[in-house]
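Reading through the structure tokens given below for one structure.
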Amino acid sequence: MVRWKVGVLTVSDKGSRGDREDTSGQVIRELVEEELGGEVVDYRIVPDERDEIMAALIEMADYYHADLVLTTGGTGLAPRDITPEATLEVINRQVPGIPEAMRAASMEKTRRAMLSRGIAGIRGRTLIINLPGSPKGVSENLLSIINQLPHALAILTMREGDHDV
776 MVRWKVGVLT VSDKGSRGDR EDTSGQVIRE LVEEELGGEV VDYRIVPDER
826 DEIMAALIEM ADYYHADLVL TTGGTGLAPR DITPEATLEV INRQVPGIPE
876 AMRAASMEKT RRAMLSRGIA GIRGRTLIIN LPGSPKGVSE NLLSIINQLP
926 HALAILTMRE GDHDV
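In terms of the working numbering, the sequence shown opens at residue 776 and continues consecutively.
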């Protein structure tokens, strides 16, 4: 079984200052290890600043060669929520089906899911996915797609050929 290399990026002003415990990042770590069989190769917390988010994403993809980078936080409607915009700056191609699936699954639990602006995309051979900032939102969203990630990552990293559906 392939052990996927995963980067975890928490985007939070309070978290980056140490004013808030990063419980959402912990949920990602647990799900990556238990459900995906992945290994967290880089974890960090950055403030809601475009340049810092972009730099962390680039480093996780290009230096740590993460197969998957999962972000948490900064996907809402608040003025400082800019994770999707920073992600768009560093990806080469979008993967719209992933956030569509997450929002559809979340809509079954709360109508507020329609307010999530998270995106997913590819940088080189790294898949980057924006998750919500709450532990519950992280868990619900990641669990709704996690069973499709091994196939997506195998194709992206060329460990498996692309197959016609």
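Even glycine gets a Cβ: it sits at the ideal position worked out from N, Cα and C.
DSSP state of residue i mapped onto helix, strand, coil
i    : result
V870 : coil
P910 : helix
K780 : strand
E796 : coil
I897 : strand
V940 : Residue confidence is low: V940 scores 44 on pLDDT, short of 50, so the model does not pin down where it sits. Its coordinate-derived value is still stated next. In this structure, V940 counts as coil in the three-state DSSP scheme.
T846 : strand
L902 : strand
Q801 : helix
S791 : helix
T885 : coil
Whether residue i touches residue j by CB criterion (7 Å)
i    : j    : result
G893 : P874 : yes
R898 : N922 : no
T847 : G908 : yes
L931 : R900 : yes
Candidates the options: closest to residue i by CA position
i    : options                : result
A836 : E808, Q923, V781       : V781
A880 : R778, G912, K789       : G912
A861 : P822, M882, R878, Y838 : P822
N905 : L811, P925, W779, I828 : I828
D797 : E810, E809, E808, V783 : V783
R819 : A830, G812, G813       : A830
A841 : A927, S919, L863, V815 : V815
A929 : L917, L843, L863, L852 : L843
R887 : L852, Q869, R792       : L852
E805 : R934, L917, T932, A927 : L917
S787 : M882, Y839, L924, S799 : S799
D856 : G896, H926, D794, R825 : R825
T858 : T785, E809, D817       : T785
E808 : M933, M882, W779       : W779
G813 : V777, L863, S791, R878 : V777
Opening and closing residue of the beta strand (DSSP E) in which residue i lies
i    : result
V816 : 814-821
Expected contact under 8 Å - CB spacing of residue i and residue j to nearest Å
i    : j    : result
A876 : I903 : Not confirmed; about 16 Å, so no contact.
S914 : V802 : 5 Å
G896 : Q869 : 5 Å
V865 : L811 : Not quite, the Cβ-Cβ distance comes to about 22 Å (not below 8 Å), so this is no contact.
Extent of the continuous alpha helix (DSSP H) run through residue i
i    : result
P854 : Element bounds for P854: n/a, residue is neither H nor E.
H926 : 924-931
A831 : 825-833
The ligand FMN heavy atom lying under 6 Å from the CB of residue i
i    : result
R795 : The ligand content of the structure shown is nil, which means the ligand FMN is not present either.
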